[in-house]
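Peer 1: A single structure is presented below for examination.
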Amino acid sequence: MGRGRGRGGRGGGRGGGRGKRQWNGSEGGDGAERSVRPRTDNWQPAIVSNGLFEEYYKGQDICPPEEWDAFVASLKRPLPITFRINGQGKFADRLVARLESNFMQQFTEEPVVIDGEEIEKPHPLAWYPDKLAWQMNFSRAQLRKLPVLEELHEFIKRENETGSITRQEAVSMVPPLFLDVEPHHRVLDMCAAPGSKTFQLLEALHGGPGPATGLVVANDADARRCNLLTHQTKRMCSPNVLVTNHEAQAFPLLRNLLPESKEAEKHFLFDRILCDVPCSGDGTLRKAPDIWRRWGTANGNGLHSLQLKITLRACELLRVGGRLVYSTCTFNPIEDEAVVAEVLRRTKGAFELVDVSDHLPLLRRLPGKQRWRVKDRNTWFDTWEEGQKGIKLDPTMFPDEESDKMPLHRCMRFLPHHQDTGGFFVCVLEKVKELEGPLEPVTLDHRSTRTKEAKAEQRAQQQAAKAGAAEGPAAEGAAAEGATAEDAAVKEEGDGAAPMEAEAPAEQAAVKEEQAEVKQEEERAAVKEERAAEVKEEPAEAKEEPEAEVKAEAGEAAAADGGKSEGEGGQKVGYWKRRREAEQEALYGELPEWGPAIRGGAATRAKEGNSRYRGVDPVVPYVDEQQLAAMRAFYGLAPDCPVPHALIARSTEARPKKLHYVSPAVRDVLRVDVREQLKIIGAGVKTWERQDDKDGLVPCCYRIAQDGLPALLPHLTKQRFTPTVDELLALLEHRNVALPAAHQLHMTKPAAAAAATDVTADEAAADAAEAEAGEQQQQEEGGAAEGEQAGAQPPAATGEQQAAPAAQQQQQQQQQQQDKKPRAALGDALTLEQLKLVTMGCCVALLRPEDAASLDLGAEGEGDDSGLAAAAPFSIACWRGRASINILVSKQEAAQMIERITEARAKLAAKAGQPAAAAAAAAAEPVAA
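For what it's worth, UniProt numbering labels the leading residue of the sequence shown as 1, then goes sequentially.
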């Protein structure tokens with residue numbers, strides 16, 4: 001039930017429903033008694049039917065006949081709300097426990113009825129592992145009438161923004177589960193945006209017992225969607241991710257320069273590839289009902305070749321023994337089984353369909369189809385021989401005797417009425433051996449060939465008709481009758497072609513194509529002559545070739561040239577083959593060392609004027625030894641800490657604003673990409689941010705970013721302290737806390753250090769007040785300057801009008817000063833003792849081990865490698881000033897941390913036998929200053 005019932009839908013307008021709100025449907029007035037003013041705009045109700053859609057899928061037998069009505073009815077209902085809990089291990093278990101204890105217990109066994117309609121209770125998806133995916137089905141109006149639903153909805157929004165959960169359609173969660181990713185795998189997501197499946201892949205990569213040593217490359221063809229993809233993966237805080245911007249069918253095949261695998265693999269290949277290709281999308285009708293209006297058979301037919309190109313490229317990028325998952329959100333066999341069948345044809349036994357029927361047994365599915373039909377605008381076809389007469393059809397769309405022998409029943413199709421989901425198609429392919437050679441490219445030459453043949457036949461008949469025109473009226477009539485029949489045949493076969501008089505431009509184009517082909521043949525012949533001359537000039541090199549090698553190369557050349565190249569011709573082909581390989585090896589060279597000379601992100605191509613790479617920032621390794629040494633000394637980083645050895649910047653500045661940490665696997669990709677083939681949008685996780693210190697009092701110019709804490713925390717031995725739980729809550733709530741006078745820092749600028757004397761506490765307080773007053777004055781002057789620039793001239797005011805705003809302004813200034821004044825909340829002896837060792841600059845506040853254990857919030861050293869910042873040990877990036885400590889996290893993150901501590905304390909108090917109300921009050925009680 002939506003919101004489109006006028007004012008009566010929520011209480012009958014201004015007069016009704018202002019009393020006590022009840023969720024059982026007795027709220028407000030009737031609403032039906034109101035006179036509704038007719039609409040005067042062009043609004044029309046949404047279209048939720050399409051006769052062509054139903055005719056097409058009935059003809060394809062996509063659904064059992066007895067289920068057809070349920071299938072169509074489900075497509076017309078809104079899609080339920082589904083979300084997935086991110087991460088694994090203890091963090092995910094805690095979140096599931098919170099869902100069940102805080103929300104699910106409020107639902108009894110009795111059905112929930114709102115406005116006379118029974119709604120489905122929130123529940124975990126039975127087929128998803130470990131209760132990590134949940135579903136609920138209610139409208140916005142129903143949400144407002146049941147408090148527990150509204151609370152649950154707010155919880156979902158908050159946790160989604162902080163990265164603890166992800167809103168994702170249920171069937172969209174399926175493909176990554178069949179990919180079977182392990183921590184050491186190289187994974188490629190070819191069409192990754194918006195990034196929910198990429199997030200799942202990263203979770204699986206970090207879900208093993210040990211640290212993740214592989215990587216996930218998330219690619220998308222749309223640069224704007226790549227920015228969305230970067231934002232989505234940022235919540236994972238993983239250094240093992242790389243975001244690229246390429247057309248999937250042309251994703252670069254990098255030369256493998258890694259010493260440990262260079263001999264075994266010529267190219268840099270992947271262990272797992274996800275091809276969630278662009279499709280017509282009729283499986284998403286429940287969330288995108290506008291597809292009803294614009295659905296047509298041409299949508300799927302037009303995307304078939306692109307889907308095939310992307311999947312064939314994935315076949316070239318996959319290792320032997322690797323797994324490829326092909327998926328679409330459409331029911332159309334032309335985009336599903338037809339693509340899979342053609343991939344199996346072209347790879348010639350290198351790929352096999354994997355039987356995954358025993359995986360996720362509670363997930364209902366239908367087997368793939370062995371036979372399907374193809375339709376153009378009006379006509380059905382069963383074979384390519386028939387389909388040649390169709391409009392914009394390709395032979396790869398049709399089944400044949402070869403596809404009849406393929407185990408296409410191992411493909412899976414998910415229908416919406418089976419488990420209240422969207423529609424999806426998934427199949428799993430495994431590479432069992434190397435490809436025999438380069439795969440045959442996908443072309444549409446057959447379409448132009450058919451057109452040329454028809455036009456050539458038409459021209460021949462036209463010339464014959466002209467030649468017979470002089471033989472008499474009888475011959476002329478016969479020729480005219482023949483031409484009329486030929487025109488009709490050409491029109492029927494050529495997608496409504498125009499008469500012969502309108503074909504002149506097409507004939508000219510055909511002539512130009514023929515001339516271009518002749519020119520290409522002449523150029524090829526000239527190149528062959530030039531190569532032959534060069535070979536004669538270097539007879540000694542050719543003679544030095546071993547006889548067996550010459551024969552082998554001659555055989556290869558003969559096979560490539562239809563058996564025509566033998567003897568001396570074989571020597572020529574073998575020589576040129578080796579010469580090209582030597583040139584390529586010289587072009588790639590050896591694996592470069594990690595240093596400032598490496599450039600990524602296609603910076604060189606952008607400088608050369610390549611518009612496709614314009615606006616892409618470079619990827620520059622950060623190897624400033626002086627700054628890295630200062631960072632190690634300031635933060636006490638252990639010698640085995642990998643972070644300083646794998647930092648990158650996205651600019652060529654001497655002191656970049658941000659430094660990102662990349663894993664060794666991502667670093668290897670950047671080193672291998674010596675020709676800058678990859679168009680890199682994002683890499684790794686932000687770990688450091690530049691902190692400009694005008695006074696020069698802080699020896700390290702980089703502070704820790706909250707996103708990078710999970711990677712740095714195990715190696716951090718300095719600049720850390722462990723406040724009590726109350727102190728930590730005060731720090732999160734007020735965002736800055738004051739230090740006792742005895743623990744404030746009294747520092748001077750380095751230039752005046754020799755002449756400086758000890759500064760008393762009163763003098764330090766006076767300096768702080770003066771600095772605060774100066775900052776306030778600067779803000780006021782800035783505001784006045786902005787007003788002058790804008791040309792604002794306030795009108796003259798009377799004495800009373802001036803007095804009132806002056807008093808109000810003074811009150812606001814006092815309130816602002818009071819708000820800015822740090823709260824003195826740190827008083828624990830152990831905390832203050834630890835702060836003696838924390839110098840001015842960035843530092844980290846952590847929960848004490850005993851507090852983290854009692855509150856079950858994750859103590860340091862638990863070894864959680866989920867990649868989620870929310871799943872890391874409870875810690876906060878802070879900044880220690882002279883007299884206060886400030887947090888460096890957003891208000892949203894701080895609110896989430898406060899909620900986690902409050903709920904954990906209430907749960908602990910409840911376990912101790914304290915009444916629920918008292919426990920909640922004690923947990924929410926503000927910390928005294």
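From the three backbone atoms N, C-alpha and C, an ideal C-beta is built for every residue, glycine too. A quick note: this is a predicted structure, and the numbers were derived from the prediction, not measured.
So residue 686 packs on residue 707, CB below 8 Å; how close in whole Å?
Peer 2: About 5 Å separates the two Cβ atoms, so the contact holds.
Peer 1: Starting from residue 429, follow the beta strand (DSSP E) in both directions and report where the run begins and ends.
Peer 2: First-last of the beta strand (DSSP E) with residue 429: 424-431.
Peer 1: With a CB to CB cut of under 8 Å and the five nearest residues on each side skipped, what residues in its chain are close to residue 288?
Peer 2: Once the five neighbours on either side are set aside, the close Cβ partners of residue 288 are 281.
Peer 1: Roughly how many angstroms separate the alpha carbons of residue 258 and residue 433, rounded to a whole number?
Peer 2: Cα to Cα, residue 258 sits roughly 22 Å from residue 433.
Peer 1: Applying the 10 Å Cβ sphere with the 16-neighbour rule, what's the burial state of residue 717?
Peer 2: By the neighbour-count rule (16 or more Cβ atoms within 10 Å), residue 717 is not buried but exposed.
Peer 1: Can you find at least 3 beta carbon pairs, one from the stretch 250-270 and one from the stretch 670-677, that sit closer than 8 Å?
Peer 2: Touching, yes, given that three or more Cβ pairs across the two stretches are closer than 8 Å.
Peer 1: Please check the pair residue 303 and residue 335, which I expect to be a contact at CB under 8 Å, by giving their CB distance rounded to whole angstroms.
Peer 2: Going by Cβ atoms, the distance from residue 303 to residue 335 rounds to 6 Å, so yes, they are a contact pair.
Peer 1: Let's test the definition: count the other Cβ atoms within 10 Å of the Cβ of residue 885 and tell me whether it reaches 16, buried, or not, exposed.
Peer 2: Flag for residue 885 reads buried.
Peer 1: CA-CA distance, residue 370 and residue 403?
Peer 2: Spanning the two alpha carbons is a distance of roughly 7 Å.
Peer 1: Return the residue from the list 253, 152, 689 and 698 that minimises the CA-CA distance to residue 709.
Peer 2: Closest by alpha carbon: 689.
Peer 1: Quick one: is residue 332 buried, meaning 16 or more other Cβ sit within 10 Å of its Cβ, or exposed?
Peer 2: Buried is the call here.
Peer 1: In the DSSP assignment, what residue or residues form a beta bridge with residue 138?
Peer 2: Answer is none; residue 138 lacks a bridge partner.
Peer 1: At which residues does the beta strand (DSSP E) containing residue 267 begin and terminate?
Peer 2: Taken as a continuous stretch (DSSP letters only), residue 267 belongs to no beta strand (DSSP E), as it is neither H nor E.
Peer 1: With distances taken between CB atoms, is the gap from residue 239 to residue 651 smaller than 7 Å?
Peer 2: It is not a contact, given that the beta carbons lie outside the stated cut-off.
Peer 1: What's the call for residue 220, buried or exposed, on a 16-neighbour Cβ count within 10 Å?
Peer 2: Flag for residue 220 reads buried.
Peer 1: Assign residue 830 to one of two classes, buried (16 or more other C-beta atoms within 10 Å of its C-beta) or exposed (fewer than that).
Peer 2: Classification of residue 830: exposed, given that the 10 Å Cβ count is below 16.
Peer 1: Please classify residue 123 as buried or exposed, where buried requires at least 16 neighbouring CB atoms within 10 angstroms.
Peer 2: Answer is exposed; the Cβ neighbour count stays below 16.
Peer 1: Give the DSSP-derived three-state secondary structure of residue 686 in the structure shown.
Peer 2: Residue state, collapsed to three classes: strand.
Peer 1: Expressed to the nearest angstrom, what Euclidean distance is found between the alpha-carbon atoms of residue 198 and residue 617?
Peer 2: Looking at the two C-alpha atoms, the distance is approximately 23 Å.
Peer 1: Run through the DSSP bridge pairs and tell me what residue 329 is partnered with.
Peer 2: DSSP, once it has assigned bridges, lists no residue as partnering residue 329.
Peer 1: With a threshold of 6 Å (Cβ to nearest heavy atom), would residue 235 be considered close to the ligand FAD?
Peer 2: The model depicted lacks the ligand FAD and carries no ligand whatsoever.
Peer 1: Whole angstroms are fine: how far does the CA of residue 54 sit from the CA of residue 46?
Peer 2: The straight-line gap from Cα to Cα measures roughly 18 Å.
Peer 1: Looking at residue 243 and residue 681, is the spacing between their C-beta atoms short of 7 Å?
Peer 2: Yes, Cβ-Cβ distance for residue 681 and residue 243 is below 7 Å.
Peer 1: First and last residue of the alpha helix (DSSP H) that includes residue 292?
Peer 2: That run of the alpha helix (DSSP H) goes 291-294.
Peer 1: Using DSSP's beta-bridge definition, name the partner residues of residue 661.
Peer 2: Beta-bridge pairing links residue 661 to 647 and 685.
Peer 1: To which residues does DSSP link residue 219 through a beta bridge?
Peer 2: According to DSSP, residue 219 bridges with 244.
Peer 1: Apply the 10 Å Cβ neighbour rule to residue 931 and answer buried if 16 or more other Cβ atoms are within range, or exposed otherwise.
Peer 2: Summary: the structure shown does not reach residue 931, with the chain confined to residues 1 through 929, and so no result is reported for it.
Peer 1: For the beta strand (DSSP E) containing residue 417, name the first residue and the last one.
Peer 2: Unbroken run through residue 417 is the alpha helix (DSSP H), 416-419; no beta strand (DSSP E).
Peer 1: Rounded to whole angstroms, what is the Cα-Cα separation between residue 137 and residue 683?
Peer 2: So the two alpha carbons sit approximately 37 Å from each other.
Peer 1: Can you tell me which of the three DSSP states residue 376 falls into?
Peer 2: Three-state result, residue 376: coil.
Peer 1: Alpha carbon to alpha carbon, what distance is there between residue 307 and residue 346?
Peer 2: So the two alpha carbons sit approximately 14 Å from each other.
Peer 1: Distance check for residue 142 and residue 368, CA to CA, integer angstroms please.
Peer 2: Near 39 Å, if we compare the C-alpha coordinates of residue 142 and residue 368.
Peer 1: How is residue 185 classed by DSSP in three states: helix, strand or coil?
Peer 2: In the structure shown, residue 185 sits in coil (DSSP, three-state: anything other than H, G, I, E or B).
Peer 1: Looking only at C-alpha atoms, which of 232, 184, 649 and 714 sits nearest to residue 212?
Peer 2: Residue 212 has its Cα closest to that of 184, out of 232, 184, 649 and 714.
Peer 1: Excluding the 5 residues preceding and the 5 following residue 638 in the sequence, name in chain order all residues of the same chain whose CB lies nearer than 7 Å to its CB.
Peer 2: Within the same chain, residue 638 has close Cβ partners 715 and 717.
Peer 1: What residue from 645, 417, 905 and 461 has the CA that sits closest to residue 939's CA?
Peer 2: Because the chain in this structure spans residues 1 to 929, residue 939 falls outside the shown range and cannot be described.
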